[in-house]
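In the working numbering, the protein residues as written are 18 to 549. Positions of the beta carbon are idealized from the N, C-alpha and C atoms, including for glycine. The structure presented is a predicted model; accordingly, all values stated were derived computationally and were not measured.
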Ligand code: AHR
């Protein structure tokens, strides 16, 4: 690394205590959601590849489906993302050979429409996941949203519900969660809007959708990140205007190590502390939601749907977009746009897995307000699962493991422990705690999970965990303990070496009945499953 300040120093101690801790909220199953967008090879060559040796009768890759199940994804947002803002949902329905081929303005690709809502419904049945649908508020709006709702959820006997039946899906799809547009504050978005324009539009669409079906859970677009010029103002205006018809406001945040090309240690340390930004984002949006509730004299809380989160090395994409702009400066461009090209295929490091582990801890620590989340995305595109083309295998990225552990074992209630930790200096967030942690406890099954990260690039830390405050926990027995760490934080899993970074066994010693101790090397993630 290019900075001497990162020399590993001897370990110092941190304590994680549940003394006096009260349950924050139940773990919402939808916290373990994901996102499938028509982007690059997420759909085509990802979940759908009819020529692949593992493809089933629908063209769905079984090797990918197996990893989706192993990842433990509960709910999948579809079909975009930026893609949705120029999408006609009807294009992806009916016989495949009659579906139109169109231009996708968001990603400069050619969309074949060989996958659409009917196919995705079948895929969701196979993967055992709930669907969360996004509607086009860019080039369309109220009418198309209502028609899509009738097609998807309607009882047979009306024109659009009958069309679905003719297309082979007899039962209503029962999609409850609907995102009303995507990132409509972003100047990159087709049909982007001002806060006032979107507030009026989402209010009208949400109102009409709830006239059609009162049990829907509707998500308004929030800010595309916590650094948008209208961050805060957007949420205040949108939520105040449309409070009565909304259930969720979305939040999106991607993080990257800005020094990844030069291995700059100051940047890597900053990146390791990314959950500070996510915390700020959540608390600010929750405050705006509360203000909107007060302004409306309301009695319900608007929850957060953190429906795009993760690590994304967006510099590569930004450079590609810039190159296109330069090209089009030379005159009109009539070349064909590619079908399902390799786009946003980030290959993740050990440090990326630790950051994603800390983001998951942050979501759990705020799950009283964050009741739904979608890690973006699922396959090939900034994804935990990679699917090799030309009959190749599917494999797990480093970031697969922290998500899968939480999805499989975070059950019951969330407890936010008191953490006394050494601190580490960061460029953007000042001094931050090196150790972050959360505990879940399923009182009925008497099973618990401790998740922890050491965000310190330069030092290992001994961690002592006191679970005594966990109501009725009694004597604690560790059933499984894992650690993800590499002495090289830049080490990646690759197609050639897909198991370069995997969790290994963590040695945990029991100090007394409710106290555990273990060591966390610099840049590490740990999970301790226990019974009591
Ligand atoms: O996930 C990639 C893109 O990131 C999505 O299409 C968009 O919503 C966000 O900007």
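query	result
Inter-residue Cα distance where the pair is residue 506 and residue 333	21 angstroms
Distance cut-off 7 angstroms: residue 325 Cβ against heavy atoms of ligand 1	yes
Alpha carbon of residue 458 to alpha carbon of residue 266, nearest angstrom	28 angstroms
Which residues DSSP lists as bridging residue 478, in chain order	29 and 537
Simplified DSSP state of residue 205, which is helix, strand or coil	coil
Cα-Cα separation, residue 367 to residue 415	6 angstroms
Helix, strand or coil at residue 117 [DSSP, three-state]	coil
Beta-carbon proximity list for residue 310, same chain, < 6 angstroms, skipping 5 on both sides	none
Residue from 179, 345, 350 and 91 whose Cα sits closest to the Cα of residue 145	91
Residue 56 Cβ short of 7 angstroms to ligand 1 heavy atom set	yes
Cβ-based burial, residue 455 [other Cβ within 10 Å; buried from 16]	buried
Residue 530 versus residue 549: straight-line alpha-carbon distance, rounded	10 angstroms
Classification of residue 317 by the beta-carbon crowding that lies within 10 angstroms, buried from 16 upward	exposed
Contact set for residue 251: own chain, Cβ-Cβ below 6 angstroms, skip 5 residues either direction	202, 212 and 240
Continuous beta strand (DSSP E) stretch holding residue 195: start and end	194-197
Distance between residue 281 and residue 143 (C-alpha atoms, nearest Å)	44 angstroms
Own chain residues within Cβ distance below 6 angstroms of residue 374, not counting five before or after	419, 470 and 542
Proximity to residue 365 [Cα-Cα], best of 406, 390, 417 and 407	417
Heavy atom of ligand 1 within 7 angstroms of residue 510 beta-carbon	no
Sufficient close CB pairs (3 or more, under 8 angstroms) joining the stretch 386-402 to the stretch 437-447	no
Segment contact flag, the stretch 26-45 with the stretch 101-108, C-beta cutoff 8 angstroms, min 3 pairs	no
Sequence-distant residues of the same chain with beta carbon closer than 7 angstroms to residue 380, five excluded per side	48, 323, 387 and 390
Between the CA atoms of residue 200 and residue 249 - distance to the nearest angstrom	14 angstroms
heavy atom of ligand 1 below 7 angstroms from residue 131 C-beta	no
Beta-carbon proximity of residue 426 to residue 546, cut-off 8 angstroms	yes
Per DSSP, cross-strand counterpart(s) of residue 548	464 and 494
Cβ pair residue 35, residue 485 closer than 8 angstroms	yes
Span of the beta strand (DSSP E) around residue 447	447-450
Any non-hydrogen atom of ligand 1 within 7 angstroms of residue 141 CB	no
Whether residue 320 touches residue 377 by CB criterion (8 angstroms)	no
Residue 301 (DSSP reduced to helix, strand or coil)	helix
Three CB pairs or more closer than 8 angstroms across the stretch 93-107 and the stretch 51-60	yes
Nearest-angstrom Cα separation, counted from residue 94 out to residue 288	26 angstroms
Top-ranked residue by Cα proximity to residue 273, from 371, 190, 233 and 62	371
Sheet register partners of residue 431 (DSSP bridge)	42 and 457
With 16 other Cβ atoms within 10 Å as the buried cut-off, status of residue 168	buried
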